[in-house]
Every structure is written in C-alpha cells, then in structure tokens.
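> Quick note on this note's numbering: the sequence shown kicks off at 2 and runs consecutively.
By construction, the Cβ of each residue, glycine as well, lies at the ideal position given by its N, Cα and C atoms.
Just dropping this structure here.
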Amino acid sequence: MITTTQAITKYGQPNEKGTYLVNIALPYPMRLAWDKNITVKTMRCHKLVAEKFKAVFTDLLAYYGYEKIKELGIDLFGGCFNYRVMRGGTEWSRHSWGIAIDLDPERNTLHESKNTARFARLEYKPMVDIFYKHGFVSLGREKDYDWMHFEIAE
C-alpha cells in the first residue's frame with residue numbers, strides 16, 4: 002500500500018478543490034450507495050489513475066455483466082474523491098487524492114471482518130482480483146477491515 006509520503010511525491014499535495022481531478026465516464030451506471038434512486042454515470046478521480054479505474058470497471062462489466070453487478074451490489078458507489086484525513090487518524094485519506102474508491106459501504110462497513118463483510122465472500126473474489134490486476138489493493142484483503150475500500154497500490 003502507498004504511504005502518505007509516497008502519495009504526496011507521486012500525486013501532489015491534496016487540496017480541497019481537487020485541481021488534479023478528471024471526470025471519467027463509467028462503462029455502466031452505478032447507484033449512489035445512500036440513495037439508490039440516484040444514478041452515477043461519471044466519477045471524479047486523480048488524472049494519473051483515471052485509466053486504471055476505467056479498466057477496472059470495464060473488466061468488471063465484462064466478467065459479471067451488468068445484471069450480476071447490480072445483484073451483487075458492486076454498482077453501489079460510496080465515493081472516490083473526498084478531501085479529508087483518515088477516519089480516526091491524522092494523515093490524509095487516499096480519497097483526498099481521488100486514488101481510492103468505496104463500493105457498497107452499507108454491507109462492507111469500516112470495522113467488518115472477513116466473517117461478515119460481503120466482499121469477503123467467494124463470489125466477489127474475481128472483483129477483488131480485477132482491482133489488483135490494475136494496480137489497486139483491497140484493505141479488506143490486506144488488513145481484514147474496510148472491505149469497501151480499494152486504493153491504488155503505488
């Protein structure tokens with residue numbers, strides 16, 4: 002996983018305006034996790050990881066198909082860019098750069114373990130593997146908490 006120092010070196014100092022962000026078109030519509038009636042068609046992320054995010058979502062669609070993505074809740078968008086420090090910490094959250102994403106946060110809460118997190122189940126292994134294929138890591142797989150969270154590895 003990337004350290005704060007490494008993130009600043011590679012992605013710059015985070016800022017509230019997100020001057021380093023670009024909008025990417027998603028290959029399938031997502032639903033806002035806290036209001037599933039709102040459709041998300043684009044996502045703001047750091048310009049240096051935009052192509053990686055697009056590749057992840059394209060591969061997810063190719064592997065699962067849209068109906069299965071919806072059924073599994075992989076389309077429940079919990080956010081990418083959010084200028085803030087880590088919960089309970091003092092260092093910048095990886096969301097401050099737009100180099101991390103949260104998916105289906107209601108069923109993969111911050112403190113859940115592999116015993117209860119939805120994304121720890123076997124049917125989600127290909128999804129997690131796709132994130133790794135494109136240079137991301139899962140805090141769930143790496144640390145067995147925050148299963149919703151995927152961030153760039155370097």
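The beta strand (DSSP E) with L77 in it runs from where to where?
Where L77 is concerned, the enclosing beta strand (DSSP E) stretches over 77 to 80.
> Starting from the C-beta of L62, find all residues in its chain whose C-beta is less than 6 angstroms away, skip the five residues before and the five after it, and write them out in chain order.
Closer than 6 angstroms at the Cβ level, and outside the excluded window around L62, lie P28, Y29.
> I153: which of Y67, S139, N83 sits nearest, CA to CA?
Checking every option, the nearest Cα to that of I153 belongs to S139.
> Might you give, ordered along the chain, the residues of its own chain that have their beta carbon closer than 6 angstroms to the beta carbon of D76, omitting 5 neighbours on each side?
M31, R32, I70, listed in sequence order.
> Check each candidate in V57, A51, E113, H150 and name the one with the smallest Cα separation from I25.
Nearest option by C-alpha distance: A51.
> Need the endpoints of the beta strand (DSSP E) that T43 sits in, please.
Here the beta strand (DSSP E) through T43 covers 36 to 47.
> So, at 7 angstroms on beta carbons, what are the nonlocal neighbours of F82 in its own chain, with the 5 sequence-adjacent residues on each side left out?
If we look at F82 and ignore the five residues flanking it on each side, its Cβ neighbours are G19, L22, R45, C46, H96, G99.
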